[in-house]
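>
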Amino acid sequence: MRIRIVDAFTDRPFAGNPAGVVLLDTDAFPDDHWLQQVAAEVNLAETAFAHPLPRAAEADWALRWFTPVTEAPMCGHATLATTHVLRATGAATGTVRFATLSGVLSATADDGGSITLDFPTASLTELPVPEKTAEVGAALGAQIVAAHHAGPFIDDLLIEVADEKTVRALAPDLAALRRISHRGIIVTAAAEDPGRGYDFVSRMFAPGVGIDEDPVTGSAHTALAPYWSARFGRDELTGLQASARTGLVRTALRGDRTLLTGGAVTVIDGELLT
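Per our numbering: the sequence shown = residues 722 to 995.
#1: Flag this pair as touching only if the region 954-965 and the region 817-830 have three or more C-beta atom pairs under 8 Å; answer yes or no.
#2: Assuming I836 contacts A830 (C-beta within less than 8 Å), just tell me the rounded distance between them.
#3: If we require 4 or more residues per run, which alpha helix (DSSP H) segments fall completely within the region 907-986?
#4: My output table needs one value for A859: the three-state DSSP class, helix, strand or coil.
#5: Determine, using beta carbons only, whether A813 and L807 come nearer to each other than 7 Å.
#6: How many angstroms separate the CA atom of D884 from the CA atom of L878?
#7: Please state if the CB of R723 and the CB of T987 are separated by a distance shorter than 7 Å.
#8: Can you give me the Cβ contacts of E767 inside the same chain, cut-off strictly under 8 Å, excluding the 5 residues immediately before and after it?
#9: From the DSSP output, in three-state form, read off G811 for me.
#10: Closer than 8 Å is the cut-off here; do at least three beta carbon pairs connect the region 745-760 with the region 852-861?
#11: Identify every residue that forms a DSSP beta bridge with E767.
#12: State the start and end residues of the unbroken beta strand (DSSP E) segment that holds V825.
#13: State the CB to CB distance for the pair E881 and A867, rounded to an integer number of angstroms; the pair is presumed to be in contact (CB under 8 Å).
#14: Inspect the beta-carbon positions of L945 and D839 and report whether they are closer than 7 Å.
#15: Helix, strand or coil for L801, going by three-state DSSP, please let me know.
#16: Please list, in chain order, all residues of the same chain as L895 whose beta carbon is under 6 Å from its beta carbon, the five residues on each side excluded.
#17: Determine the contact status of R924 and V970, defining contact as a CB-CB distance below 7 Å.
#18: Going by DSSP, name the residue or residues bridged to A729.
#19: Considering only residues of the same chain and omitting the five flanking positions on each side of D753, which have a CB-CB separation below 8 Å?
#20: Can you find the residues in the same chain that come closer than 6 Å, C-beta to C-beta, to T938, ignoring five residues on each side of it along the sequence?
#21: DSSP state of V817, grouped into three classes?
#22: Who are the Cβ neighbours of A897 in its own chain at under 8 Å, not counting the five residues just before and after it?
#23: So which of L974, A941 and A783 has the shortest CA-CA distance to F953?
#24: P873: which of T731, R904, Q758 and T982 sits nearest, CA to CA?
#25: Could you round the C-beta distance between W782 and P773 to whole angstroms and report it? I think they count as a contact, below 8 Å.
#26: Report buried or exposed for N738, applying the criterion of at least 16 other Cβ atoms within 10 angstroms of its Cβ.
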């Protein structure tokens with residue numbers, strides 16, 4: 722079967738977040754152990770597996786995501802990458818609905834090549850600072866301005882720090898972060914200069930699920946969008962994830978749904994032999 726590597730939330734290769742994509746021609750997923758072995762072999766933040774569903778089903782494709790060590794309940798960049806492959810191969814057109822662990826998610830491609838994901842908006846629960854976050858601040862090596870828990874599908878800590886420079890300079894203690902019982906740590910700040918084309922910056926660390934730093938995290942923006950939209954008083958924003966690869970995510974808050982828009986580029990198209 723074919724396996725592709727797609728860079729998501731970017732318009733050029735070797736940027737954004739790479740995801741493995743495997744389209745299955747079966748009506749069910751293979752054994753979970755095999756799916757996990759493939760994801761470990763690909764060794765990217767996520768590998769997506771999808772198979773078509775019957776016409777009468779509530780969605781068009783079933784979709785699952787695996788990190789190198791575990792199954793993920795939600796993944797934005799691998800959903801965008803899967804949609805890109807479906808569109809490029811002619812397997813789907815228009816809006817595609819995916820049946821996932823996070824419910825039915827949809828993705829729509831426009832004529833310019835951008836893809837918009839329709840995801841559930843994360844709920845944010847404020848945490849006291851520093852009582853509940855001292856361990857996180859020590860692991861990050863940065864002073865925390867505000868902290869929230871983001872759920873229910875992502876189970877992340879959303880941490881605001883002083884400024885964009887602090888976000889970019891982070892060199893966290895990954896072993897210490899691994900001991901924190903959440904999927905990941907989203908660190909964010911307002912953009913130093915919104916005239917550069919983005920409103921806020923972020924980085925995402927998830928060593929507990931096998932991802933030291935995720936290059937561009939679509940699902941994290943379901944928490945970042947409501948957080949910064951409330952701060953700026955605007956429903957439509959652009960976030961820059963300031964990893965080494967970098968990537969832009971355009972967000973639009975629609976109540977209990979968040980729209981995430983970005984581009985994608987296929988960089989490898991190969992054959993899975995086993």
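Every residue, glycine too, gets a C-beta built ideally from N, C-alpha and C.
Quick answer:
#1: The region 954-965 is not in contact with the region 817-830.
#2: By one-based count along the sequence shown, residue 836 stands at place 115. By one-based count along the sequence shown, residue 830 stands at place 109. Taking C-beta atoms under 8 Å as the contact rule, I836 and A830 qualify, at a distance of about 5 Å.
#3: Those alpha helix (DSSP H) runs which fall completely within the region 907-986 and span 4+ residues are 942-953.
#4: Along the sequence shown, one-based indexing puts residue 859 at 138. Here A859 carries a helix assignment [DSSP, helix/strand/coil].
#5: Start at 1 with the first residue of the sequence shown, and residue 813 comes out as number 92. Start at 1 with the first residue of the sequence shown, and residue 807 comes out as number 86. L807 is positioned such that its CB atom lies closer than 7 Å to that of A813.
#6: Translated into positions along the sequence shown, residue 884 becomes position 163. Translated into positions along the sequence shown, residue 878 becomes position 157. About 18 Å.
#7: As a working note, residue 987 is residue 266 in the sequence shown. As a working note, residue 723 is residue 2 in the sequence shown. Result no, Cβ atoms of T987 and R723 do not sit closer than 7 Å.
#8: Mapped onto the sequence shown, residue 767 falls at position 46. Here the set comprises A740, G741, A760, W786, F787, T788, A793, C796, H798 and A799.
#9: As a first step, residue 811 is located in the sequence shown; it is residue number 90 there, counting from the start. Of the three classes helix, strand and coil, the one that applies to G811 here is coil, per DSSP.
#10: No: the two stretches stay apart, fewer than three of their Cβ pairs being nearer than 8 Å.
#11: Taking the sequence shown and counting its residues from 1, one reaches residue 767 at position 46. Secondary-structure assignment with DSSP links E767 through a beta bridge to A740.
#12: Indexing the sequence shown from 1 puts residue 825 at position 104. Where V825 is concerned, the enclosing beta strand (DSSP E) starts and stops at G824 to A830.
#13: Looking up residue 881 in the sequence shown gives position 160. Looking up residue 867 in the sequence shown gives position 146. About 4 Å; that satisfies the 8 Å criterion.
#14: The residue you call residue 945 lines up with position 224 of the sequence shown. The residue you call residue 839 lines up with position 118 of the sequence shown. Their beta carbons are not under 7 Å apart, which means L945 does not touch D839 by this criterion.
#15: Against the sequence shown, residue 801 aligns to sequence position 80. If DSSP states are grouped into helix, strand and coil, L801 belongs with the helices.
#16: Along the sequence shown, one-based indexing puts residue 895 at 174. Only P928 and D933 meet the Cβ criterion.
#17: Within the sequence shown, residue 924 is the residue found at index 203, counting from 1. Within the sequence shown, residue 970 is the residue found at index 249, counting from 1. No, they are not a contact pair.
#18: Mapped onto the sequence shown, residue 729 falls at position 8. Bridge partners of A729: N738 and A985.
#19: The count along the sequence shown starts at 1 and reaches residue 753 at position 32. The answer, listed in chain order, is E792.
#20: Taking the first residue of the sequence shown as position 1, residue 938 is located at position 217. When the five nearest sequence neighbours on each side are left out, the beta carbons in the same chain lying within less than 6 Å of the beta carbon of T938 are those of M925, in order along the chain.
#21: The residue you call residue 817 lines up with position 96 of the sequence shown. The answer is strand: DSSP assigns V817 an E or B state.
#22: For the purposes of this step, residue 897 is identified with residue 176 of the sequence shown, where counting begins at 1. Correct list, in chain order: E856, A859 and A860.
#23: As a working mapping, residue 953 is identified with position 232 in the sequence shown. Nearest of L974, A941 and A783 to F953, Cα basis: L974.
#24: The sequence position of residue 873 within the sequence shown is 152, counting from 1. The shortest C-alpha separation from P873 is found at R904.
#25: The sequence position of residue 782 within the sequence shown is 61, counting from 1. The sequence position of residue 773 within the sequence shown is 52, counting from 1. Contact holds; Cβ gap of about 6 Å.
#26: To locate residue 738, count along the sequence shown from 1; it is residue 17. Looking at its Cβ environment, which holds 16 or more other Cβ atoms inside 10 Å, N738 is buried.
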